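Student: Before anything else, here's the structure in question.
Chains as they are written, first to last, in the working numbering: chain A, 2 to 117; chain B, 5 to 101.
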């Protein structure tokens, strides 16, 4: 039985490579059928914001990759409610909002945690 | 299951410490190293937040010493071998990179 991995993505999509790298880790894990979860925390929730335009800053669209998550068998996608509310974002379709208490329990449940 | 949360960024320039404190379980511990040890700056907001958290706080001694920070009674000092031992003693390590 593979050990489960929770990836916590907490950087905004255009601030550097962290957001993309977190997503790459998750997609790679998914390709190998690892039990894997993805949590958007802090500025990471900005990756879920609507109407983003990657072309405006000559970058690739991260949101397209987010939509690929379910194709790779990754269904455990969460967003921190506190971080969403702090930034005036509404709950996205692509991630399940969780309270701080629920996130704390979830970190406990996974075998390994990686924060990027 | 217990998690060791490792912080290495200054609490005055980003939100890692705040978020970590919000998500920490009762069994968990925090290890401050690098610029995260600036949270020991007496009287500051991060200092107070850690003081009232009731969590177990470890501090990498040499990083605190380098910055001229004194250790409050609620924090435990560790060296690098101690850091390794903590990583073994907890079920997992969450490094807030």
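In this text, a Cβ means the ideal position worked out from N, Cα and C, and glycines have one as well.
Here the structure is a predicted model, which is why all the values come from computation and not from measurement.
I'd like the ranges of any beta strand (DSSP E) spanning at least 3 consecutive residues and lying wholly in the region 17-81 of chain B.
Tutor: 33-36, 60-64
Student: Give me the subset of the region 49-80 of chain A whose CB atoms are less than 7 Å from a CB atom of chain B, sorted by chain position.
Tutor: none
Student: Does any CB atom of chain B fall closer than 8 Å to the CB of residue 1 of chain A?
Tutor: Look at the range of chain A in this structure, 2 to 117, and you will see that residue 1 of chain A is not part of it.
Student: Is the region 64-75 of chain A touching the region 31-51 of chain A, taking contact as three or more C-beta pairs under 8 Å?
Tutor: yes
Student: Would you say residue 104 of chain A reaches chain B, if we count a Cβ-Cβ gap shorter than 8 Å as a contact?
Tutor: At least one chain B Cβ lies under 8 Å of residue 104 of chain A.
Student: Hey, residue 49 of chain A and residue 79 of chain A are a contact pair by Cβ (cut 8 Å); roughly how many whole angstroms apart?
Tutor: Incorrect: roughly 11 Å between the Cβ atoms, too far for contact.
Student: Terminal residues of the continuous alpha helix (DSSP H) containing residue 180 of chain A?
Tutor: Nothing about residue 180 of chain A can be read from this structure; chain A reaches only from 2 to 117.
Student: Check the Cβ-Cβ distances between residue 91 of chain B and every residue of chain D, and say whether any is below 8 Å.
Tutor: Note that chain D does not occur in the displayed structure, where the protein chains are A and B.
Student: Name the chain B residues that come within less than 7 Å of residue 37 of chain A, Cβ to Cβ?
Tutor: Within 7 Å Cβ-Cβ: nothing; residue 37 of chain A doesn't reach chain B, min ~15 Å.
Student: For residue 76 of chain B, does the count of other Cβ atoms within 10 angstroms reach 16, so buried, or fall short, so exposed?
Tutor: With fewer than 16 Cβ atoms within 10 Å of its Cβ, residue 76 of chain B is classed as exposed.
Student: Output yes or no for whether 8 Å exceeds the beta carbon distance between residue 12 of chain B and residue 42 of chain B.
Tutor: no
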